[in-house]
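*Asks:*
Protein chains in written order, with our numbering: chain A, 1 to 102; chain B, 103 to 232.
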């Protein structure tokens, strides 16, 4: 029993990522898509949130949305895992519940 | 696995319609089933067949229509959201005394119950929106 949390909001614009991370349980997974990928870059204002969450949750970033924003996967917060749409589908299979943080 | 997708935003307005489409394609490619796509709020605008984007841009509505046709996906547009936004099929246009209808192939108009039923019938329900 675990949940996939899907976040699509830029953390510099909305509070969805911080809300999500404060609610996510141990063993849950967080997937950053659309503008949420902007928060994944190493050294960003929200990098510390991601780093502390990584102790209990796996955090994934959608590669297509990184590419669409000109962001390179090798400049992300260490420990984040990059997945494509196929990986996105796999995450929804692995976790029996999911929540979109709209 | 069997999926129901919910799309709450219109084409060319927010990325979520494109995200939902790419997710659906990836899920189908892996052998999963998309049982239903439910279009709600501004998402109903994905079902207009009268959209004409510039030639070098994707035609979001047609992408959905083609996907539904290829894979037998049930694509449902919320009736209350559709009526507010002028999205009509033949029967609804006639019932409302209107002179035109604009629903794209592969879409049908029905109620919120279809979302609930889709969630019950499916292993996973994924929401795409703003």
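For every residue, glycine included, the Cβ atom is placed at its ideal position computed from N, Cα and C.
Only a predicted model underlies this, so the values are computations on that prediction, with no experimental measurement involved.
How about residue 177 (chain B): is its C-beta nearer than 7 Å to some C-beta of chain A?
*Replies:* Numbered from 1 along the second chain, position 75 holds the residue referred to as residue 177 (chain B). Closer than 7 Å: no.
*Asks:* Could you tell me the distance, in whole angstroms, from the CA atom of residue 209 (chain B) to the CA atom of residue 5 (chain A)?
*Replies:* For the purposes of this step, residue 209 (chain B) is taken as the residue at position 107 of the second chain. For the purposes of this step, residue 5 (chain A) is taken as the residue at position 5 of the first chain. Their Cα atoms are separated by approximately 29 Å.
*Asks:* Less than 8 Å between the CB atoms is what I'm expecting for residue 59 (chain A) and residue 121 (chain B), so what's the real figure, rounded?
*Replies:* Locating residue 59 (chain A) in the first chain gives position 59, counting from the first residue. Locating residue 121 (chain B) in the second chain gives position 19, counting from the first residue. Between residue 121 (chain B) and residue 59 (chain A) the Cβ distance is about 18 Å, and since that is not below 8 Å, they are no contact.
*Asks:* I'd like to check one pair, residue 128 (chain B) with residue 100 (chain A): are the Cβ atoms closer than 7 Å?
*Replies:* Position 100 of the first chain, counted from the first residue, corresponds to residue 100 (chain A). Position 26 of the second chain, counted from the first residue, corresponds to residue 128 (chain B). It is not a contact, given that the beta carbons lie outside the stated cut-off.
*Asks:* Could you name each continuous alpha helix (DSSP H) segment of 4 residues or more that falls completely within the region 159-227 of chain B, going from the start of the chain to the end?
*Replies:* If we require 4 residues or more, the alpha helix (DSSP H) runs fully inside the region 159-227 of chain B come out as 162-173, 181-186, 192-197 and 215-223.
*Asks:* Which residues in chain A sit within 7 Å of residue 121 (chain B), going by Cβ to Cβ distance?
*Replies:* Counting from one through the second chain, the residue named residue 121 (chain B) turns up at place 19. Within chain A, the residues near residue 121 (chain B) are 33 and 34.
*Asks:* Name the chain A residues whose beta carbon is nearer than 7 Å to that of residue 232 (chain B)?
*Replies:* Position 130 of the second chain, counted from the start, is the residue given in the question as residue 232 (chain B). Ordered by position in chain A, the residues that pass the 7 Å Cβ test against residue 232 (chain B) are 102.
*Asks:* For the structure I just gave you, are there three or more beta carbon pairs, one from the region 71-87 of chain A and one from the region 42-54 of chain A, closer than 8 Å?
*Replies:* Yes: at least three Cβ pairs fall under 8 Å.
*Asks:* Suppose you measure from the CA of residue 181 (chain B) to the CA of residue 56 (chain A); what does that come to, to the nearest Å?
*Replies:* In the second chain, counting from the first residue as 1, residue 181 (chain B) sits at position 79. In the first chain, counting from the first residue as 1, residue 56 (chain A) sits at position 56. Whole-angstrom Cα-Cα distance: 43 Å.
*Asks:* For residue 111 (chain B), name the three-state secondary structure that DSSP assigns.
*Replies:* Along the second chain, one-based indexing puts residue 111 (chain B) at 9. Three-state DSSP puts residue 111 (chain B) in coil, outside helix and strand.
*Asks:* With residue 183 (chain B) and residue 142 (chain B) assumed to form a contact (beta carbons below 8 Å), what rounded beta-carbon distance in angstroms separates them?
*Replies:* Taking the second chain and counting its residues from 1, one reaches residue 183 (chain B) at position 81. Taking the second chain and counting its residues from 1, one reaches residue 142 (chain B) at position 40. Correct: roughly 6 Å between the Cβ atoms.
*Asks:* If we cut at 7 Å on Cβ distances, does residue 92 (chain A) have a partner in chain B?
*Replies:* Within the first chain, the letter at position 92 stands for residue 92 (chain A). Yes - at least one Cβ of chain B is within 7 Å of the one on residue 92 (chain A).
*Asks:* Show which residues of chain B have a CB atom less than 8 Å away from the CB atom of residue 2 (chain A).
*Replies:* The residue labelled residue 2 (chain A) in the question sits at position 2 within the first chain. Going along chain B, no residue has its Cβ under 8 Å from residue 2 (chain A), so there is no contact; the nearest lies around 13 Å.
*Asks:* Of the residues B:151, B:224, B:118 and B:175, which one's Cα is nearest the Cα of residue 77 (chain B)?
*Replies:* Nothing about residue 77 (chain B) can be read from this structure; chain B reaches only from 103 to 232.
*Asks:* I want to verify the contact list: residues of chain A whose CB lies under 9 Å from the CB of residue 195 (chain B), in sequence order.
*Replies:* Here residue 195 (chain B) corresponds to residue number 93 of the second chain, with the count starting at 1. Simply none; closest approach about 32 Å.
*Asks:* Could you work out which residue in B:145, B:113, B:135 and B:111 is closest to residue 220 (chain B) when comparing CA atoms only?
*Replies:* In the second chain, the residue the question calls residue 220 (chain B) occupies position 118. Taking only the C-alpha atoms, the option nearest residue 220 (chain B) is B:135.
*Asks:* Out of B:173, B:187, B:232 and B:200, point me to the one whose CA is closest to residue 105 (chain B)'s CA.
*Replies:* Reading the second chain from its first residue, position 3 is the one you call residue 105 (chain B). Ranking the options by Cα distance to residue 105 (chain B), first place goes to B:173.
*Asks:* Using 10 angstroms around the beta-carbon of residue 192 (chain B), count the other beta-carbons present and answer buried if the total reaches 16, otherwise exposed.
*Replies:* In the second chain, the residue the question calls residue 192 (chain B) occupies position 90. Residue 192 (chain B) is exposed by the Cβ-count criterion.
*Asks:* Would you call residue 186 (chain B) buried or exposed, if buried means 16 or more other Cβ atoms sit within 10 Å of its Cβ?
*Replies:* Working through the second chain from its first residue, we reach residue 186 (chain B) at position 84. Label assigned to residue 186 (chain B): exposed.
*Asks:* Given that residue 117 (chain B) touches chain D, what residues does it touch there, using C-beta distances under 7 Å?
*Replies:* Considering every chain present, this structure includes no chain D. Its protein chains are A and B.
*Asks:* Taking the DSSP output, what are the residues bridged to residue 103 (chain A)?
*Replies:* Because chain A spans 1 through 102 in this model, residue 103 (chain A) falls outside it and cannot be assessed.
*Asks:* So residue 98 (chain A) contacts chain B; which residues on that side make the cut at Cβ distance below 9 Å?
*Replies:* Stepping through the first chain from its first residue, residue 98 (chain A) is reached at position 98. The answer, in chain order, is 226, 227, 228 and 229.
*Asks:* Closer than 7 Å by beta-carbon distance: list the chain A residues that pair up with residue 137 (chain B), in chain order.
*Replies:* Residue numbering aside, residue 137 (chain B) sits at position 35 when the second chain is read from its first letter. What residue 137 (chain B) touches in chain A: nothing, since even the nearest Cβ is about 14 Å away.
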